[in-house]
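Read through the structure below, which is laid out as structure tokens, and then see the notes.
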Ligand code: IVH
């Protein structure tokens, strides 16, 4: 798609174009969803959306209240029934170089307690660039196919999956319950032919085989899917009534015996060296494979090891994706803008002449911080040979995974003569307050706190985000709108909206993008969130260093808002309170300092107190029910010394999976100290406090593992 004209659009022309695109996209959505009669192809739809996004990126201030880019989900998504996966569909951690792969091997060995020399086999499989699909078979019969969705809930595409020749409808010799996972993809030849047909029919071609595969699978009319040349590779499984095999390799063999296609470039490898060699070999043949892959996936072969390694929140510890180097493209850096974040961080952003990188139009890239622009890393060492980045430069951009695009290089031969070294602002571009850089911090921060409109808005956006208050109908766009009109200046104001403006549905109704119905709905959604679990409240405050996981730990530890504030308020002047805070495994000195400082800051605290007055805070949900009857559920355990049967990390994960809390230091609240060899001061302290001390053996007996 040609987006070059966007560079030259005037403000008025851009506004008019956004209006036109909004109308056209709304119309297309309605035709699709309401009338089931699409008027334009998926490709055309995508092109319009891309154009809209490119203009919005260049003129953020023109973004409309009813911007089509805010419409959630793909256009096809809403038509499908939702499916809750019996087992979450996972994603993979990424590795980008040899060091990352070696680190992965070291982490796995450490977790399993294997020495450097112990044999440890991996499988190395191509990472197919398509979309993942979960197939459920009961008694050998395909009964359901679902897309990944958000990992927990996907879309029911059973009728569509049945049209794919690589997917068996029935399987002989399968366990009663069998969920097969794999990738739907398209061959290059088939993709080219499909696009030729699209063009002949006057429809926009697909940008790449993955988009074509996704667009084809997610058709409400399965007869359209049937005409699309989709294929499927199986590489993993979900729920099973009986294990498939003892190793990943044998499991893949088993999938083949069920009639699935398994990628024949899969190899067994004895360690990082062999994995890297296979990666290079496949990278060299990548263009000849006939379908897109974007890296290799390495998996621990032994399935009993996989079970021991288990999962983090969304990724397994036993696998990693080693991506191929990202595609890059050269474009002009038009301007450097400074964005001010929730915690005041000044983040430089490169505004680029839009350019396509790996099938996606890129118009912004991160510049990280002032040192990065100047050509230095965090330790003052040169990067890019010490070359700085200037407005007007030609830069090479790349996308690594789904993250924000980055800049790899500058072409000095094309630097305009009048280009000046970039001077990083020392005051906040939004509120004018001094922007300070603490020693040892790469980031310069606005000191304006809540008086800074940028910080205030970003805090509000964070407050309503999905893992925080998640208020239906109140997204980033809407809070920004409310902030601009002075209706919502801080989180507490959200809970006053109805009271203040509430006959208000009337007033709200007259605002762009709001009708009487949506206003009433919003008020109801806000009401519903007055009752909210403690961990969400803590996370929603948006305190520096306190992420979702930390908020959960704090909530579990303190149990109530009152106990949390009392503990944090006391910590700076009361050793016992500070020790208690630091005893939470996962809370370190940096987080503790950030917590105590934030809650002690008068304006911030007043704002928090105003919010809390509106809420009924529920205690954090008890640890997963499955462990309620485990002998250590709800107990606080500390591990110390060298364990012989398992590593500390594994012991911790195991204890937590049984509902125990694992703390870093011994206190009166500790129920058990598990002391391995060479346990020192902690064992002594436990004895002093009368805490029960267990040997590793006794602990294993207690949890039923000895
Ligand atoms: S294993 C833990 N193996 O890559 C099991 N995934 O970035 C989950 N993918 O969501 C995936 N080829 O859609 C696995 N050989 C392969 C794969 C593969 C492609 C996709 C899959 C996954 C994504 C993660």
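In the numbering used here, the protein residues as written are 511 to 1216. Idealized CB from N, CA, C, for every residue including glycine.
DSSP links residue 1041 through a beta bridge to 1126. Distance from the Cα of residue 791 is smallest, within the candidate group 805, 1186, 800, 1105, for 805. Our two residues, residue 1139 and residue 935, have alpha carbons roughly 58 Å apart in a direct line. With the rule of 3 Cβ pairs closer than 8 Å, the segment 668-679 counts as touching the segment 730-745. Uninterrupted alpha helix (DSSP H) stretches at least 4 residues long and entirely within the segment 582-650 occur at 608-622, given in chain order. Contact check for residue 757 against residue 663 fails: the beta carbons are separated by 8 Å or more.
Relative to the ligand IVH, the beta carbon of residue 658 is positioned inside 7 Å of a heavy atom. According to DSSP, residue pairing for residue 840 in a beta bridge involves 906. If you check the C-beta of residue 829 against the ligand IVH, you find a heavy atom less than 7 Å away.
For residue 833, the enclosing beta strand (DSSP E) covers residues 829-833.
Between the alpha carbons of residue 1042 and residue 1125 lies a gap of roughly 7 Å. Less than 8 Å separates the beta-carbon of residue 872 from that of residue 862. Where residue 694 is concerned, the enclosing beta strand (DSSP E) starts and stops at 687-695. Between residue 919 and residue 906, the gap from beta carbon to beta carbon is short of 8 Å. Apart from sequence neighbours up to five positions away, the residues of its chain that approach residue 896 with a beta-carbon distance below 6 Å are 885, ordered along the chain. For residue 1060, the secondary structure class from DSSP, reduced to helix, strand or coil, is helix. Per the C-alpha coordinates, the member of 1181, 1118, 705, 694 positioned closest to residue 676 is 694. DSSP places residue 901 outside both helix and strand once states are collapsed to three, so it counts as coil. Fully contained in the segment 712-770 are the following beta strand (DSSP E) runs of length 3 or more, in chain order: 741-750.
Looking at the DSSP output, residue 554 shares a beta bridge with no other residue. Under the three-state reduction of DSSP output, residue 957 falls in the coil class, being neither helix nor strand. When rounded, the separation of the alpha-carbon atoms in residue 557 and residue 1109 is 47 Å.
Between residue 768 and residue 684 the beta-carbon gap is near 6 Å, inside 8 Å, which marks them as a contact. Using a cutoff of 7 Å, the CB of residue 999 does not count as near the ligand IVH, since none of the ligand's heavy atoms is closer than that. Take the alpha-carbon of residue 563 and the one of residue 573: they are about 9 Å apart.
Counting C-beta atoms within 10 angstroms of its own C-beta, residue 1112 has fewer than 16 neighbours from the protein chains shown and is therefore classed as exposed. A direct Cα-Cα distance of roughly 33 Å separates residue 606 from residue 555. DSSP, reduced to helix, strand and coil, places residue 863 within a strand of the structure shown. In the three-state reduction of the DSSP assignment, residue 811 falls in the coil class, being assigned neither a helical nor a strand state. DSSP places residue 973 in the uninterrupted alpha helix (DSSP H) bounded by 963-973.
Bounds of the alpha helix (DSSP H) holding residue 1074 are 1071-1080. Where residue 519 is concerned, there is no enclosing alpha helix (DSSP H), because DSSP gives it neither an H nor an E. Shown here for residue 1094: same chain residues with a beta carbon closer than 6 Å to its own, the five before and five after excluded, namely 1063, 1067 in chain order.
Nearest to residue 661 by alpha-carbon distance, out of 646, 596, 526, 651, is 596. DSSP lists 638 as the beta-bridge partner residues of residue 803. Taking the Cβ atoms as the reference, residue 732 lies roughly 20 Å from residue 701, outside the contact range of under 8 Å.
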